[in-house]
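This report concerns only the one structure given below.
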Amino acid sequence: MATALASARTGASRAVLLSSKPPTTAAKSLKGSKLADAMHRSLYPHLYQQGGGSAPNRKIRQQMGTMKRYKQVEAEREARKVSWFRNKTRTSSINKLAMQPQKPRAIKKACPDPVAATTASQLALHDSTGARTRLFDRTNPECARVGDILLVRQRTGEPFAGVCINIRRRGIDTAILLRGQLTRVGVEMWYKVYSPLVEGIEVVQRAQRKARRARLTYMRKEKHDRGSVENVVRVYLRQKAALGSAEGGKKKGAAAAAAAAGGKKKGNARGKKR
1 MATALASART GASRAVLLSS KPPTTAAKSL KGSKLADAMH RSLYPHLYQQ
51 GGGSAPNRKI RQQMGTMKRY KQVEAEREAR KVSWFRNKTR TSSINKLAMQ
101 PQKPRAIKKA CPDPVAATTA SQLALHDSTG ARTRLFDRTN PECARVGDIL
151 LVRQRTGEPF AGVCINIRRR GIDTAILLRG QLTRVGVEMW YKVYSPLVEG
201 IEVVQRAQRK ARRARLTYMR KEKHDRGSVE NVVRVYLRQK AALGSAEGGK
251 KKGAAAAAAA AGGKKKGNAR GKKR
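Residue numbers (the UniProt record's numbering): 1 to 274.
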């Protein structure tokens, strides 16, 4: 009996389940639209007609129409932006291809060693005779070395003399460091060898022996400081002036002798006038 009742109940439930159809999408959308309308009416009652109709008034319809048009305009703008951006990227890529520079010529073919060529041109410009180059050339046995007393004459300003404690050989940027004393205070000066402001460089006194170092920075200490070289420079200038005057006197004597020899009166071939 119990089994019969249970089977009857299950059959009835199956029949009910088979007979009840699921709601269609149209019904779902209708229910959703009704619910949305009811919520909108409860939230904004002033937008609906006074008679109690379910449709919104003319004002809200106009607003809804303007919103649709606004959305359409925005969509059109977005489409235009996308097309403009595509065109811009395309034109920019074309411009990049067009603006690529031409392949430069190989510099090795035009100038195999540009640094050496530039140095040679600058040396020919600032040292046409080559005297300063020979003065600081390592291969020259009479070149200036560290430890020598040098005198630098400038086109603007007074000359400066001091012990050469460093020679920096850098081609056209070759420079020397001189150390001297002014009012019993040690003074060091850098001079560019090929500078147009340097009129001349002279070796006042050679060092007694060749220095073992390339830089005599130890002369900055009081123990090894050479001190003032003014007396040595004064003696050098006096000797130079004496040699110059002696050479000048010789030249003057030779000129006077030549003038005396050439100034004798020659005998007159003609006889006396009658």
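Built from N, CA and C at the ideal position, the CB exists for glycine as well.
In this structure, the alpha-carbon of V82 lies about 17 Å from that of K71. Nearest to V233 by alpha-carbon distance, out of R220, R153, I165, is R153. Secondary-structure assignment with DSSP links Y191 through a beta bridge to I176. When C-alpha distances from A214 are compared across L125, A117, I176, the shortest belongs to I176. Here C111 is exposed, its C-beta having fewer than 16 other C-beta atoms within 10 Å. When DSSP assignments are scanned along the segment 108-161, the uninterrupted stretches of alpha helix (DSSP H) that are 4 or more residues long and fall wholly within it turn out to be 114-126, 131-135. Looking at I149, T119, R41, the one whose alpha-carbon comes closest to that of Q208 is I149. With distances taken between CA atoms, R155 lies nearest to Y194 out of Y194, R238, R226. DSSP assignment within the segment 191-249 yields the following whole beta strand (DSSP E) runs of 3 residues or more, N-terminal first: 198-205.
In the structure shown, the three-state DSSP call for R77 is helix.
In this structure, the CA atom of E199 is about 14 Å from the CA atom of A161. Pairing E76 with K103, the inter-Cα distance amounts to about 45 Å.
Spatial neighbours of G171 in its own chain (CB-CB distance under 7 Å, excluding positions within 5 residues in sequence) are listed in chain order as T119.
Only exposed fits M189, as fewer than 16 other CB atoms lie within 10 angstroms of its CB. In the same chain as I165, and ignoring 5 residues on each side of it, the C-beta atoms closer than 7 Å to its own belong to V146, L177, R179, R215, L216, T217, M219, in chain order. Taking 8 Å as the upper bound for CB-CB distance, L135 and I201 are in contact here, some 7 Å apart.
G171 is bridged by DSSP to nothing; it lacks a bridge partner. Only buried fits V163, as 16 or more other CB atoms lie within 10 angstroms of its CB.
Among the bridge pairs identified by DSSP, L182 is matched with V185. In this model, R206 and K109 are separated by some 46 Å (Cα to Cα). Here L197 is exposed. Its C-beta has fewer than 16 other C-beta atoms within 10 Å. Going by beta carbons, V229 and V204 fall inside the 9 Å limit.
Its chain contains A175 as the residues whose beta carbon lies nearer than 6 Å to that of R168, once the 5 sequence neighbours on both sides are disregarded; these appear in chain order.
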